[in-house]
Amino acid sequence: MSALSKGSNSEWKLRQLVGALSRFLSPRHKRQLLLVSLCACGLSLLEMLVAASIIPYVSCLNDRCPVVVETVIARMGWSTIPALSFGLFLLILAKLASQILLNWIGARFNQQVQHDTVNRLLDGYLHLDWLGFRSESRTHYFRRCATTAVDAAYVSHLCVVMISSALMLLFLSGLMLWQYPLVSILLAVLFLILNALTQGLLGHAQKQAAHNRESALQRWNVGMAEAFASFREVRVYRLERFFLQHINRALDDMAGANVKLNFYPALPRLVLDFVVLSILLLTVSVWMLLQLPLADLLPQLIFYAVVARAMLPAMMNLLSTRTGLYGAGYNIELVLNELERTTAGRTEQVGVVSHPADTSCFSLDCVTFRHAPHLPPVLVDASLNIAHPSWLAIVGPSGSGKSTLMELLCGIHTPQAGAVRHAWSLARPPGIAYLPQHVALLDGSVMQNVVFGFDAGDIARVDAALTLACLSEVVGRLPGGRDAQVGADGARLSGGERQRLALARALYREPDLLLLDEATSGIDETSETRLLSSLRRERPGMSVVYITHRSGNLRFADQVLRLRDGTLGEVVTPSP
Numbered sequence: 002m003s004a005l006s007k008g009s010n011s012e013w014k015l016r017q018l019v020g021a022l023s024r025f026l027s028p029r030h031k032r033q034l035l036l037v038s039l040c041a042c043g044l045s046l047l048e049m050l051v052a053a054s055i056i057p058y059v060s061c062l063n064d065r066c067p068v069v070v071e072t073v074i075a076r077m078g079w080s081t082i083p084a085l086s087f088g089l090f091l092l093i094l095a096k097l098a099s100q101i102l103l104n105w106i107g108a109r110f111n112q113q114v115q116h117d118t119v120n121r122l123l124d125g126y127l128h129l130d131w132l133g134f135r136s137e138s139r140t141h142y143f144r145r146c147a148t149t150a151v152d153a154a155y156v157s158h159l160c161v162v163m164i165s166s167a168l169m170l171l172f173l174s175g176l177m178l179w180q181y182p183l184v185s186i187l188l189a190v191l192f193l194i195l196n197a198l199t200q201g202l203l204g205h206a207q208k209q210a211a212h213n214r215e216s217a218l219q220r221w222n223v224g225m226a227e228a229f230a231s232f233r234e235v236r237v238y239r240l241e242r243f244f245l246q247h248i249n250r251a252l253d254d255m256a257g258a259n260v261k262l263n264f265y266p267a268l269p270r271l272v273l274d275f276v277v278l279s280i281l282l283l284t285v286s287v288w289m290l291l292q293l294p295l296a297d298l299l300p301q302l303i304f305y306a307v308v309a310r311a312m313l314p315a316m317m318n319l320l321s322t323r324t325g326l327y328g329a330g331y332n333i334e335l336v337l338n339e340l341e342r343t344t345a346g347r348t349e350q351v352g353v354v355s356h357p358a359d360t361s362c363f364s365l366d367c368v369t370f371r372h373a374p375h376l377p378p379v380l381v382d383a384s385l386n387i388a389h390p391s392w393l394a395i396v397g398p399s400g401s402g403k404s405t406l407m408e409l410l411c412g413i414h415t416p417q418a419g420a421v422r423h424a425w426s427l428a429r430p431p432g433i434a435y436l437p438q439h440v441a442l443l444d445g446s447v448m449q450n451v452v453f454g455f456d457a458g459d460i461a462r463v464d465a466a467l468t469l470a471c472l473s474e475v476v477g478r479l480p481g482g483r484d485a486q487v488g489a490d491g492a493r494l495s496g497g498e499r500q501r502l503a504l505a506r507a508l509y510r511e512p513d514l515l516l517l518d519e520a521t522s523g524i525d526e527t528s529e530t531r532l533l534s535s536l537r538r539e540r541p542g543m544s545v546v547y548i549t550h551r552s553g554n555l556r557f558a559d560q561v562l563r564l565r566d567g568t569l570g571e572v573v574t575p576s577p
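For the sequence shown, position 27 (counting from the first letter as 1) is numbered 28 according to the numbering used here, and the numbering increases by one without interruption.
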């Protein structure tokens, strides 16, 4: 009953894995897999022909050439041994070419699946709404794209190996069964026993090792990200040893799991090697005990060696890839779950749809918003009208909903109640630029960070944006000017310079509405005053909504809005 239960469980797991593979591989990948299978079939056929040619070839070398072979070659007017040698050489050459072709197509197939899997995940993550994106950490997304997707895509390589190995075994087993039925049946029984033992003893251990590796990899990635993000605090508080110990524990666990994942698949190969060599030695021993001439055994031994040389790796690959597929199945399920989540939360376009009107304005109409159903609302029944063009300053204590209001205006969030509206008098929709508190810079040049994928890059517009952001003098001092590299996330710039570079990026787009979420907090008050004055003077047709904690810069606003506990206060005109 227990064996029957295990068999049923194994069959259920296999069906589950096949179903997951069917969902994981795209129609294009399935067509490529069919092409790989056809190449593997051709290779297996050639391998069988090479093995089948060995016995008559060796017999002819011993002056015991089959009559049929001699007759056919004689009719062609060729010498027996040279003709057989040349024919065998052509077969081996064709087999080699087929093997190279299969390896090339298989490698391309594996890389294509890997590329498409990473791209599908990344595309899904980049199309999440903000709340969906914030439900996981950036480390989680990076790990899924950089590690889990790659490990899951490795299943394509395992499929190629399994198909080619299975076909090889099928063709060569048929040849062995035709030539030596008893030995073939014995080998088949031994292979089935070994397969059952492998599944029973190693299947669960392999899956557990894959799970442990994923867990350790997650802790390692998180530890590395935390260590680098806290670099200054680590140095000041002398916490190097603390972080190293934390990361080393994860590395030790990952190393242990990797050792098991590499060791378990090698065990069946050792057993198969022992079985094949034992059969060979046993056959020779019995032959000698029977005092039979070894010359009669030589062709069979060479045939057996040639077949075993091809069958042994095929058996080994079939066993290891089956256990490997169960291990990869864990990563496939993770990827499929992520794809289902991103599909459910996919948002094609973030923004507020504008509607035509005689007078342009940006408004909130009785908006209520909360970040999650179980959390208290950030804004409650908020209404606001921002004429265009105008400047609005937002002030209020931390946590009062200022940043959320900004994100609602640019469409990052969708309110649970009420509506955000953009009334627009022009034929084109309004351009909106948003500058968050924490900006992200590319590991590239100043110009690449300003353009930021908007277009091919207009040097005159880049220079104008840098000048308006009060950054042209700083860029002029850098080696290479606008082509100077800023480093990873702007590591070669100060905090204020990073913010001004991000502002230049926003201004390069020539927006109609510019949202500044404490985007000048890293700049001293004098520089901030100069910057806001420049914006007010040079872009009179642009509306600006900015959050500030400096009362001196409220004078640039046409109106000031005070926020407290999610409630919009009275909109007032600042005193001169």
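Cβ coordinates follow ideal geometry from the N, Cα and C atoms, glycine included.
Here the structure is a predicted model, which means the values were calculated and not measured.
Please return the same chain residues whose Cβ sits closer than 8 Å to the Cβ of residue i, not counting the five positions on each side in sequence.
{"i": "Gly488", "result": "Asp444, Leu494"}
{"i": "His128", "result": "Thr343, Arg347, Thr348, Glu349"}
{"i": "Leu5", "result": "With a pLDDT of only 40 at Leu5, under 50, the local geometry of the prediction cannot be trusted, and the value read off the model is given with reservation. Counting only Cβ-Cβ distances below 8 Å, and skipping sequence neighbours, we find nothing."}
{"i": "Gly175", "result": "Met49"}
{"i": "Tyr331", "result": "Lys208, Ala211, His212, Glu215"}
{"i": "Trp221", "result": "Ile248, Ala251, Leu252, Met255"}
{"i": "Leu62", "result": "Ile82"}
{"i": "Val51", "result": "Leu89, Leu92, Ile93, Lys96, Val307"}
If contacts are defined as beta-carbon pairs under 8 Å, then residue i and residue j qualify, I think. What distance do you get, rounded to the angstrom?
{"i": "His389", "j": "Asp513", "result": "7 Å"}
{"i": "Val463", "j": "Leu326", "result": "In fact, because the Cβ distance is near 52 Å, the residues do not count as touching under 8 Å."}
{"i": "Leu218", "j": "Met169", "result": "Not really, about 34 Å apart at Cβ, beyond 8 Å."}
{"i": "Gln115", "j": "Ala154", "result": "4 Å"}
{"i": "Lys96", "j": "Leu47", "result": "4 Å"}
Have a look at residue i and residue j and give me their C-alpha separation to the nearest angstrom.
{"i": "Val366", "j": "Gln417", "result": "The displayed chain sequence assigns Asp, not Val, to residue 366. Taking the straight line joining both Cα atoms gives about 12 Å."}
{"i": "Ile93", "j": "Ile164", "result": "21 Å"}
{"i": "Gly419", "j": "Leu409", "result": "11 Å"}
{"i": "Leu393", "j": "Leu515", "result": "10 Å"}
{"i": "Glu137", "j": "Met316", "result": "42 Å"}
{"i": "Asp274", "j": "Met312", "result": "11 Å"}
{"i": "Pro269", "j": "Leu193", "result": "12 Å"}
{"i": "Ser166", "j": "Val452", "result": "52 Å"}
{"i": "Leu299", "j": "Asn263", "result": "37 Å"}
{"i": "Ala226", "j": "Asn450", "result": "23 Å"}
{"i": "Glu215", "j": "Trp131", "result": "27 Å"}
{"i": "Gly458", "j": "Ser27", "result": "36 Å"}
{"i": "His584", "j": "His247", "result": "The requested residue 584 is not part of the displayed model; the chain covers only 2 to 577."}
{"i": "Val545", "j": "Leu385", "result": "15 Å"}
{"i": "Pro437", "j": "Thr415", "result": "18 Å"}
{"i": "Gly78", "j": "Phe25", "result": "57 Å"}
{"i": "Gly397", "j": "Ala520", "result": "16 Å"}
{"i": "Arg371", "j": "Pro378", "result": "4 Å"}
{"i": "Leu36", "j": "Tyr238", "result": "59 Å"}
Tell me the residue span of the alpha helix (DSSP H) that contains residue i.
{"i": "Thr72", "result": "68–76"}
{"i": "Asp130", "result": "Premise fails: Asp130 is in no alpha helix (DSSP H) and is neither H nor E."}
{"i": "Thr405", "result": "403–410"}
Between which two residues does the beta strand (DSSP E) carrying residue i extend?
{"i": "Phe557", "result": "Taken as a continuous stretch (DSSP letters only), Phe557 belongs to no beta strand (DSSP E), as it is neither H nor E."}
{"i": "Arg422", "result": "418–425"}
{"i": "Gln367", "result": "It should be pointed out that residue 367 corresponds to Cys in this sequence rather than to Gln. Its beta strand (DSSP E) spans residues 362–370."}
{"i": "Thr568", "result": "568–573"}
{"i": "Asn63", "result": "No beta strand (DSSP E) holds Asn63; DSSP gives it neither H nor E."}
{"i": "Asp382", "result": "380–388"}
{"i": "His356", "result": "355–357"}
{"i": "Leu517", "result": "514–518"}
Check whether chain C comes within 7 Å of residue i, counting only Cβ atoms and requiring the distance to be less than that.
{"i": "Ile280", "result": "Checking the listed chains, one finds no chain C in this structure; it contains a single protein chain."}
Only counting the same chain, and skipping five residues up and downstream in sequence, which positions put a Cβ closer than 7 Å to that of residue i?
{"i": "Arg381", "result": "The amino acid occupying residue 381 in the given sequence is Val; Arg does not appear at that position. Cβ within range, chain order: Thr369, Gly567, Thr568."}
{"i": "His423", "result": "Val353, Ser355, Phe363, Pro431"}
{"i": "Thr118", "result": "Ala150, Ala153, Ala154, Val336"}
{"i": "Leu191", "result": "Val276"}
{"i": "Glu71", "result": "Thr81"}
{"i": "Tyr58", "result": "Leu85, Leu89"}
{"i": "Met2", "result": "Because Met2 carries a pLDDT of 39, less than 50, the predicted location of this residue cannot be relied on, and the following value inherits that uncertainty. Hits under 7 Å: none found."}
{"i": "Lys403", "result": "Ile395, Gly397, Ile548, Leu564"}
{"i": "Ala296", "result": "Asn63"}
{"i": "Ser185", "result": "Ser174, Met177, Leu178"}
Using a Cβ-Cβ cut-off of 6 Å (strictly less than) and excluding sequence neighbours within five positions of residue i, which residues of its own chain qualify?
{"i": "Ser9", "result": "Only weak support is given to the placement of Ser9: the predicted model assigns it a pLDDT of 48, under 50, and the value that follows is read from those uncertain coordinates. Excluding sequence neighbours, Ser9 sits near nothing in its chain."}
{"i": "Phe229", "result": "none"}
{"i": "Trp425", "result": "Ser355, Ser361, Pro431"}
{"i": "Ile541", "result": "Rather than Ile, the amino acid found at residue 541 in this sequence is Pro. Answer for Pro541: no residue qualifies."}
{"i": "Val561", "result": "Ala394, Leu555, Val573, Pro575"}
Touching by the beta-carbon criterion (3+ pairs, under 8 Å), the region 464–472 and the region 544–554: Verdict: no, contact absent.
Cβ contact check for the region 271–285 and the region 24–44: 3 or more pairs under 8 Å: Taking a cut-off of 8 Å for Cβ pairs, the region 271–285 and the region 24–44 do not touch, as fewer than three such pairs fall below it.
The region 495–506 / the region 517–528 touching (three or more Cβ pairs under 8 Å): Taking a cut-off of 8 Å for Cβ pairs, the region 495–506 and the region 517–528 touch, as three or more such pairs fall below it.
Meets three-Cβ-pair contact criterion under 8 Å: the region 23–37 and the region 285–295: Contact between the region 23–37 and the region 285–295 is absent, because fewer than three Cβ pairs lie under 8 Å.
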